[in-house]
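These notes are about the structure you will find just below.
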Amino acid sequence: MPESPAIKTLDLSRSFGSTIALDRLNITVERGEIFGFLGHNGAGKTTTIRLLNGVLLPSSGSCEVLELDPTSHGPLLRARTGVLTETPALDDRLTAYEVLHMQGELFNMPREQLPDRIEELLTSFDLLGRSRDRIGGYSRGMKQRLALARALITDPQVLFLDEPTAGLDPVASRLVHDMILALAADAGRTVFMTTHNMGEAARLCSRVAVLESGHLVAMGSPAKLTARMQTQGNVTIEVDPAQVGDAVGALSDEFDHRVVGGGVLSVEVTAREDIPRIASGLVEAGVRVYRIDSEEPTLEDFYLSIHRGGRMQ
Ligand SMILES: Nc1ncnc2c1ncn2[C@@H]1O[C@H](COP(=O)(O)OP(=O)(O)OP(=O)(O)O)[C@@H](O)[C@H]1O
Ligand SMILES: [Mg+2]
């Protein structure tokens with residue numbers, strides 16, 4: 369029997385007064401996936417996470433996490449899931465050790481397991497040296513890493529991360545990325561994350577969904593979404609500088625081109641298939657080609673292309 373999905377929503381909707389924050393969302397996230405939830409400010413990402421955690425009630429529709437309805441099975445689900453909220457609340461007067469200890473106690477973790485688990489998390493998040501200092505003296509990145517460690521204390525099966533790397537430096541971001549990848553690779557844990565960083569989504573996520581003003585407007589793997597886009601733009605070609613004339617002859621009238629210098633040419637393409645045609649034309653003309661660089665569309669290009677109309681609100 370196939371395993372039940374980690375997350376499933378059915379026409380999940382939520383309004384605040386006349387604002388429709390989420391409109392009939394239908395998504396299924398399989399176990400072991402890292403699922404990215406993308407969209408402009410105010411698109412409804414945090415609202416969705418709050419609905420999936422039972423913090424908000426749906427206006428209509430429903431959702432399931434680990435086959436449980438978050439609105440009626442809150443305590444059970446909270447013990448099996450972890451959440452990093454958009455603005456994690458941490459008491460400045462406590463130490464990192466105390467925060468993790470309190471969280472472990474809150475979820476009834478066996479007391480004898482707690483010290484080892486806490487040390488493991490403090491080590492992975494590079495906080496061990498400061499774990500007995502008050503949080504009031506932590507940097508923003510340290511607080512974010514502590515909040516992540518707190519979300520992981522129970523070793524949850526599903527982890528919700530609302531902008532996990534917002535405000536983190538590149539080293540700390542990489543630490544968080546590696547942690548997310550390791551988590552999903554290990555025993556099929558599921559990560560549902562929001563981010564405004566398209567590079568991060570492309571690197572981490574098996575699939576992404578794009579929300580626009582509460583509506584789902586695209587969903588798929590980053591590779592499939594970007595493959596749908598036509599390659600348009602310039603291809604940079606480097607040939608033997610002594611053969612630039614031959615190269616220009618081979619490109620002839622078919623492709624608009626410009627000689628940049630030093631054996632480098634810039635050629636305009638309108639479709640992905642133009643690239644192999646250019647390559648074979650050059651080779652047939654006996655031109656030695658050292659480099660062909662085409663700018664592949666990125667997830668950011670895709671995101672910007674579907675938001676071409678600008679902000680909806
Ligand atoms: N408690 C609330 N009361 C009133 N309106 C709300 C509430 N929570 C969210 N909204 C509205 O719902 C819409 C979606 O907000 P949400 O916080 O889910 O967006 P988001 O995609 O997380 O944005 P961001 O990228 O800025 O975090 C917005 O129009 C917001 O103003
Ligand atoms: Mg948000």
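In this text, residue positions in the sequence shown follow this note's numbering: the first is 369, and each later residue adds one.
Glycine included, each C-beta is placed from N, C-alpha and C at the ideal position.
Short note on Lys376: C-beta not closer than 7 Å to any heavy atom of ligand 2.
Annotation for His441: no beta strand (DSSP E) segment contains it, and DSSP assigns it neither H nor E.
Annotated three-state conformation of Leu536 is coil, per DSSP.
In this structure, Val603 and Ile643 form a Cβ contact; the two beta carbons are roughly 6 Å apart against a cut-off of 8 Å.
Gly385 counts as exposed, since fewer than 16 other beta carbons sit within 10 angstroms of its beta carbon. The residue among Glu466, Ile521, Ala457, Arg500 with its C-alpha nearest the C-alpha of Pro478 is Ile521. Taking Asp621 as reference, the option from Ala610, Val635, Asp608 with the minimal CA-CA separation is Val635.
Here Gly601 has Glu663 as same chain residues with Cβ atoms under 6 Å from its own Cβ, once five neighbours each way along the sequence are excluded. Bounds of the beta strand (DSSP E) holding Gly450 are 449 to 452. Summarising the contact set, residues whose Cβ lies nearer than 7 Å to any heavy atom of ligand 2 are, in chain order, Lys413, Thr414, Glu454, Asp530, Glu531, Thr562.
A Cβ-Cβ contact shorter than 8 Å links Ser427 with Arg382. Nearest in C-alpha terms to Phe493, of all of Arg418, Leu543, Lys592, is Leu543.
Nearest neighbour of His675 by Cα position, chosen from Leu380, Gly407, Ala374, turns out to be Gly407.
The straight-line gap separating the alpha-carbon atoms of Leu468 and Asp460 is approximately 14 Å.
Cα atoms of Leu549 and Tyr671: separation of roughly 23 Å, rounded to the nearest angstrom. Here Gln471 is buried: its Cβ has 16 or more other Cβ atoms, across all protein chains shown, within 10 Å.
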